[in-house]
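Visitor: Just dropping this structure here.
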Amino acid sequence: MKVLFYSSKSYDKDFFIDRNQEFGFTLEFLEVHLNKSTAILAKGYDAVCVFVNDTVDAPILQVLSEQSIGLLVLRCAGFNNVDLKAAAALSIKVVRVPAYSPYSVAEHTLALILTLNRKTHRAYNRIREGNFALTGLMGFDLNGKTVGLVGLGKIGLVTAKILKGFGCKVLGYDVIKNEESEAIGVELTDLETLFACSDIISLHCPLTPQTHHIINQQTIGKMKKGVMLINTSRGALIDTKAVIKGLKKEQISYLGLDVYEEEGDLFFEDLSNKVIQDDTFMRLLSFNNVLITGHQAFFTSNALKNIADITLQNIADYTNKLPLQNEVKASA
Ligand code: NAD
56 MKVLFYSSKS YDKDFFIDRN QEFGFTLEFL EVHLNKSTAI LAKGYDAVCV
106 FVNDTVDAPI LQVLSEQSIG LLVLRCAGFN NVDLKAAAAL SIKVVRVPAY
156 SPYSVAEHTL ALILTLNRKT HRAYNRIREG NFALTGLMGF DLNGKTVGLV
206 GLGKIGLVTA KILKGFGCKV LGYDVIKNEE SEAIGVELTD LETLFACSDI
256 ISLHCPLTPQ THHIINQQTI GKMKKGVMLI NTSRGALIDT KAVIKGLKKE
306 QISYLGLDVY EEEGDLFFED LSNKVIQDDT FMRLLSFNNV LITGHQAFFT
356 SNALKNIADI TLQNIADYTN KLPLQNEVKA SA
């Protein structure tokens, strides 16, 4: 079994080579994204392995199919970047890693909340410059605050448990009723109430046509003035231009992002010697109450080990013609 990895970094290579000792597949690693011009490089391989910002639309799947690729392996949970209908039509199986460490993303969510609130990033710099003044660093107690979670799946639930430990009141909205969330003490509610009553809103739902720009000018208008908004899910859940307006009007007082709708041209690369052309992103950076990390919420050693193990097991199941536990299919 020969597998070509796209968008790979040194850390992907390290974990996959280590875990592959138990599987013995032939793995080759490319740094380039999968796109129209790089899809042809899959000639001679049996499967391709991709990540969050690889485009796997119908034309690219067509090129992969022409190279006899029968398996598309996602080394991530989200699959919004794949045209599942086109894959099915070309008989290309698609597998993913549905869960590798909900703790990694939930804990990063708390890192964003705590940093925005207590301004530890600013304090770190001040102290190093010998500035011990506290003005501008005032936060608030998380204890007693209302946090609204949109999406109560694996990550949403771990986030809820952590927040309950801080003494927060947790409101939750999901399209599926989840009994575990009630057992933890999450108060299930509709989206309108969640937006209206939450001091902090954190997004943990997938990107789908229904959730695209779920945060927009209209929904921002329903939120409490001074709300904190956190997105560690997928960038396009948020209409960035509407959020910028919300920040300027001070309707949104804190914004924490690990994902950004146009992140494909930016994240995971060192662009420190380049001029960043994305004016919307640069406007976001100009606010002192905006904290952005570059899609690193998943990035713990525990998660990377699990991603490698589950990905390689998905490939092994396909090779051994076993049922694909982690297959993703287009909904009917
Ligand atoms: P999950 O499938 O366990 O949970 C998602 C939940 O969202 C489900 O309970 C689902 O019913 C709910 N949902 C679906 N549509 C909804 C809607 N319209 N409104 C409200 N809820 C809705 O997924 P998960 O493992 O908890 O991951 C959540 C998201 O986190 C993923 O879709 C992915 O985009 C993102 N993610 C980000 C990173 C990162 O590094 N930043 C890493 C992993 C996952």
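Here the sequence shown stands for residues 56 to 387, where the numbers follow my numbering.
Even for Gly, the Cβ is constructed at its ideal location relative to N, Cα and C.
A quick note: this is a predicted structure, and the numbers were derived from the prediction, not measured.
Would histidine 259 and glycine 208 qualify as a contact pair, given that the criterion is a beta-carbon distance under 8 angstroms?
Guide: In contact: histidine 259 and glycine 208 (Cβ atoms closer than 8 angstroms).
Visitor: Serine 257 bridges to which residues according to DSSP?
Guide: The partner list for serine 257 (beta bridge, DSSP) reads Leu204, Ile285.
Visitor: Which one or two residues does DSSP pair with lysine 57 in a beta bridge?
Guide: Its beta-bridge partners are Thr81.
Visitor: Tell me the residue span of the beta strand (DSSP E) that contains lysine 304.
Guide: Here lysine 304 belongs to no beta strand (DSSP E), and DSSP marks it neither H nor E.
Visitor: For the candidate residues Tyr228, Met193, Gly240, Ile285, whose alpha-carbon lies nearest to that of lysine 216?
Guide: Checking every option, the nearest Cα to that of lysine 216 belongs to Gly240.
Visitor: Is it buried or exposed for tyrosine 155, if we count other Cβ within 10 angstroms and need 16 for buried?
Guide: Answer is buried; the Cβ neighbour count reaches 16.
Visitor: Does the beta-carbon of histidine 350 have 16 or more other beta-carbons within 10 angstroms, so that it is buried, or is it exposed?
Guide: Label assigned to histidine 350: buried.
Visitor: Is it true that the CB of valine 149 sits closer than 8 angstroms to the CB of alanine 141?
Guide: Not closer than 8 angstroms, so no.
Visitor: Kindly examine the ligand NAD and report whether one of its heavy atoms sits closer than 7 angstroms to the Cβ of proline 432.
Guide: The structure shown does not extend to residue 432, since the chain is modelled only from 56 through 387, so no value can be given for it.
Visitor: Once DSSP output is grouped into helix, strand and coil, what is the label at cysteine 223?
Guide: It is coil, neither helix nor strand.
Visitor: Buried or exposed for histidine 163, going by 16 or more other Cβ atoms inside 10 Å?
Guide: It counts as buried.
Visitor: Does DSSP put valine 446 in a helix, in a strand, or in coil?
Guide: Because the chain here runs from 56 to 387, residue 446 falls outside it and cannot be looked at.
Visitor: Rounded to the nearest angstrom, how far is the Cβ of glycine 99 from that of proline 261, given a contact under 8 angstroms?
Guide: About 34 angstroms separates the two Cβ atoms, so there is no contact after all.
Visitor: On the CB-based measure, 16 or more other CB atoms within 10 Å of its CB, does lysine 200 come out buried or exposed?
Guide: Lysine 200 is buried by the Cβ-count criterion.
Visitor: Hey, how far is the Cα of phenylalanine 106 from the Cα of leucine 129?
Guide: If you take the alpha carbons of phenylalanine 106 and leucine 129, they lie about 6 angstroms apart.
Visitor: Can you tell me where the beta strand (DSSP E) holding cysteine 252 begins and where it ends?
Guide: Unbroken run through cysteine 252 is the alpha helix (DSSP H), 246 to 252; no beta strand (DSSP E).
Visitor: Between the beta-carbon of isoleucine 293 and the beta-carbon of isoleucine 168, is there less than 8 angstroms?
Guide: No, the Cβ-Cβ distance between isoleucine 293 and isoleucine 168 is not below 8 angstroms.
Visitor: Are there three or more Cβ pairs, one per stretch, closer than 8 angstroms when the segment 307 to 322 is compared with the segment 276 to 283?
Guide: Counting Cβ pairs under 8 angstroms, three or more are found: they touch.
Visitor: Heavy atom of the ligand NAD less than 7 angstroms from the Cβ of glutamine 273, yes or no?
Guide: No; taking the cut-off as 7 angstroms, the Cβ of glutamine 273 has no heavy atom of the ligand NAD nearer than that.
Visitor: Taking only the alpha-carbon atoms, compute the straight-line gap between proline 153 and leucine 212 and give it to the nearest angstrom.
Guide: In a straight line, the C-alpha of proline 153 is about 15 angstroms away from that of leucine 212.
Visitor: Is phenylalanine 353 close to the ligand NAD? I mean its beta-carbon at under 7 angstroms from any heavy atom of the ligand.
Guide: Phenylalanine 353: yes, Cβ under 7 angstroms from the ligand NAD.
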